[in-house]
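Sequence lines, in order, name chains A and B. Once you know that position 48 of the first sequence is 44 in the numbering used here, the rest is easy, because the numbers rise by one and skip nothing. Once you know that position 50 of the second sequence is 46 in the numbering used here, the rest is easy, because the numbers rise by one and skip nothing. We put the beta carbon where it would ideally sit given N, CA and C, even for glycine.
Protein chains: 2
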Amino acid sequence: MVDAPERSVSDADEEIMRATYRALREHGYADLTIKRIAAEYGKSTAAIHYHYETKDDLLAAFLEYILDRFVAAIHDVETTDPERRLDLLLDKLLVDAEDHYDLLVAMLEMRSQAPYKEAFGERFRRNDEYVRYLLRTVIDDGIAEGVFADADAERVASALMTIVDGARTRAAVLEDPTELAAARRVTDEYVTATLLADES
Amino acid sequence: MVDAPERSVSDADEEIMRATYRALREHGYADLTIKRIAAEYGKSTAAIHYHYETKDDLLAAFLEYILDRFVAAIHDVETTDPERRLDLLLDKLLVDAEDHYDLLVAMLEMRSQAPYKEAFGERFRRNDEYVRYLLRTVIDDGIAEGVFADADAERVASALMTIVDGARTRAAVLEDPTELAAARRVTDEYVTATLLADES
DNA sequence: AGCTTCTTACTAACCGATCAATCAATTCCG
DNA sequence: CGGAATTGATTGATCGGTTAGTAAGAAGCT
């Protein structure tokens, strides 16, 4: 009953995910090897294989882990006021990414492998649908409350996500984090033009 | 004088570029090996190394080759009417990409390696600046001719490129080519709202 | 004692790159 | 003109290195 330390059964798993995270930021996805993950883990490569049969299994688990963290981060936007909530969501999607440039690059690498790794594609699509759902919902709420003009919430959400992904890709590829802040202003312009175009 | 065949000095180079292009579309950048390029080339791997010292050299040459083709394609937009020219440029950037999905994916892979391969980053930045110059110029021309409303051409061009890159990333990652056409409509909306907002 | 966890040592496959050797075409020279 | 020398292009074999994954047994915990 002395479960005080409460090192849960999958305690090692959590540490391996963290080690993978560090190795990924340090070496990038293309140069992410089991050896390097093991080095961060502080144990042998075989120890990794004890917990995860194949590298693919580990990577799939890691993608689950990292996207769950992302969802958790975006989930703590609790404001219900539609205009404020949309602002905060876009901040999470664009502004917060500035502090994690290495991760931004690595995630772009992983995303570029989606067409070749079905597990990746599936998980990225699911995440995409979740974000789209959040955006569509807040927009629809705003329309229902009358603070947003009548608009096609689905299309507006898609447009915003395209801008978000464009900014992330450009920030990573051009090694220019200011792309994110610039895109944040574009989303504001877009929101103002399409959702706040009141003819009062 | 009988230079009829005219197999130019760098004839082999051209064929290797084409072989690389085929191998890239077929296997993707991550799985692009000299062996696979040689297979497409129809000769041995050593034959590749005879023409290009290292794999990096070959890849740098290929990126030059493929981006030169892109520039050539975008260059044949000769219309001078600003509104029409902007439309055609955006068509080249978004609509035409639909026919080359495999290349779209591979180019995203290569772009994601820009932070690790300075030669890539440099070349991608140069290409980016060229596209930005084209867009800025056509917008400034339109403003000068009075067909576009007064606007910050640099910022509008950046916004359009963010949308373009977002659509390309999403089309590749989500394996959904319709993202491109959808983004094309967003650019139209954006152009209408920022450049054609005449209060006649 | 017995189960979980881990290490050491290993394999098989693949990678980019290098090597000497070969062949065909071209150039040089008497 | 014609043989000799040179050059460009290519092959097959191989090298050193790295990869993911495996096998067998030791350590440690309960």
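Report task. Please report how far the alpha carbon of residue 159 of chain B lies from the alpha carbon of residue 177 of chain A, in whole angstroms. Result -> The alpha-carbon of residue 159 of chain B is positioned some 15 Å away from that of residue 177 of chain A.
Requested in this report: Please decide whether residue 132 of chain A counts as near chain B, where near means a Cβ-Cβ distance under 9 Å.
Outcome: With its beta carbon at least 9 Å from every one in chain B, residue 132 of chain A lies outside the interface.
Requested in this report: Report all residues from its chain with a CB closer than 7 Å to the CB of residue 63 of chain A; omit the five preceding and five following residues, and keep chain order.
Outcome: Result list for residue 63 of chain A: 119, 123, in chain order.
Report task. Confirm, please, whether the CB-CB distance from residue 190 of chain A to residue 147 of chain A is below 9 Å. Result -> Yes, these two residues count as a Cβ contact at 9 Å.
Query raised in the report: Smallest Cα separation from residue 11 of chain B: which of B/61, B/154, B/73, B/51?
Result: It is B/61.
**Report entry** Straight-line Cα distance separating residue 59 of chain B from residue 38 of chain B
**Finding:** Put simply, the backbone Cα of residue 38 of chain B is about 21 Å away from that of residue 59 of chain B.
Requested in this report: Starting from the beta carbon of residue 119 of chain B, find every residue of chain A whose beta carbon is closer than 7 Å, and list them in chain order.
Outcome: In chain order: nothing, as chain A lies at least about 11 Å away.
Requested in this report: Consider the Cβ of residue 30 of chain A: report whether some Cβ of chain B lies at a distance smaller than 9 Å.
Outcome: Cβ-Cβ to chain B under 9 Å: no for residue 30 of chain A.
Query raised in the report: What three-state label does DSSP hand residue 25 of chain B in the structure shown?
Result: Correct three-state label for residue 25 of chain B: coil.
Query raised in the report: Does the beta-carbon of residue 49 of chain B have 16 or more other beta-carbons within 10 angstroms, so that it is buried, or is it exposed?
Result: By the 10 Å Cβ count, residue 49 of chain B comes out exposed.
Query raised in the report: Distance, Cα to Cα, residue 173 of chain B vs residue 145 of chain A?
Result: Per the coordinates, the alpha-carbon of residue 173 of chain B lies some 30 Å from the alpha-carbon of residue 145 of chain A.
**Report entry** Segments of 3+ residues assigned as beta strand (DSSP E) that fall wholly inside the region 71 to 105 of chain B
**Finding:** For the beta strand (DSSP E) assignment, the region 71 to 105 of chain B encloses no uninterrupted run of at least 3 residues.
Requested in this report: Would you mind reading off the limits of the alpha helix (DSSP H) that contains residue 154 of chain A?
Outcome: Here the alpha helix (DSSP H) through residue 154 of chain A covers 149 to 169.
Query - Length of the line joining the Cα atoms of residue 193 of chain A and residue 97 of chain B - result: A straight-line Cα-Cα distance of about 37 Å links residue 193 of chain A and residue 97 of chain B.
Query raised in the report: Taking just the CA atoms, how far does residue 149 of chain A sit from residue 117 of chain B?
Result: Pairing residue 117 of chain B with residue 149 of chain A, the inter-Cα distance amounts to about 37 Å.
Query raised in the report: Mapping DSSP to helix, strand and coil, what is residue 146 of chain A?
Result: Three-state result, residue 146 of chain A: coil.
Query raised in the report: I think residue 164 of chain B touches residue 100 of chain B, with their Cβ atoms under 8 Å apart; what is that distance to the nearest whole Å?
Result: Between residue 100 of chain B and residue 164 of chain B the Cβ distance is about 6 Å, and since that is below 8 Å, they are a contact.
Query raised in the report: Taking 9 Å as the CB-CB cut-off, is residue 185 of chain B touching chain A?
Result: Under the 9 Å criterion on CB atoms, residue 185 of chain B is classed as interfacial with respect to chain A.
Report task. With 7 Å as the C-beta to C-beta threshold (strictly closer), list the residues of the region 97 to 128 of chain B near chain A in chain order. Result -> The region 97 to 128 of chain B vs chain A, Cβ under 7 Å: 101, 104, 105, 107, 108, 109, 110, 111, 112, 117, 120, 121, 124.
Query raised in the report: Between residue 0 of chain A and residue 41 of chain A, what straight-line distance do the alpha-carbon atoms span, to the nearest angstrom?
Result: Per-residue confidence for residue 0 of chain A stands at a pLDDT of 35, beneath the threshold of 50, marking its modelled position as unreliable; no derived number is given.
Requested in this report: Would you check if the distance between the CB atom of residue 76 of chain A and the CB atom of residue 136 of chain A is smaller than 9 Å?
Outcome: No, they are not a contact pair.
Query raised in the report: Leaving out five residues before and five after residue 14 of chain B in sequence, what residues of the same chain have Cβ atoms less than 7 Å from its Cβ?
Result: Excluding positions up to five away in sequence, the list is empty.
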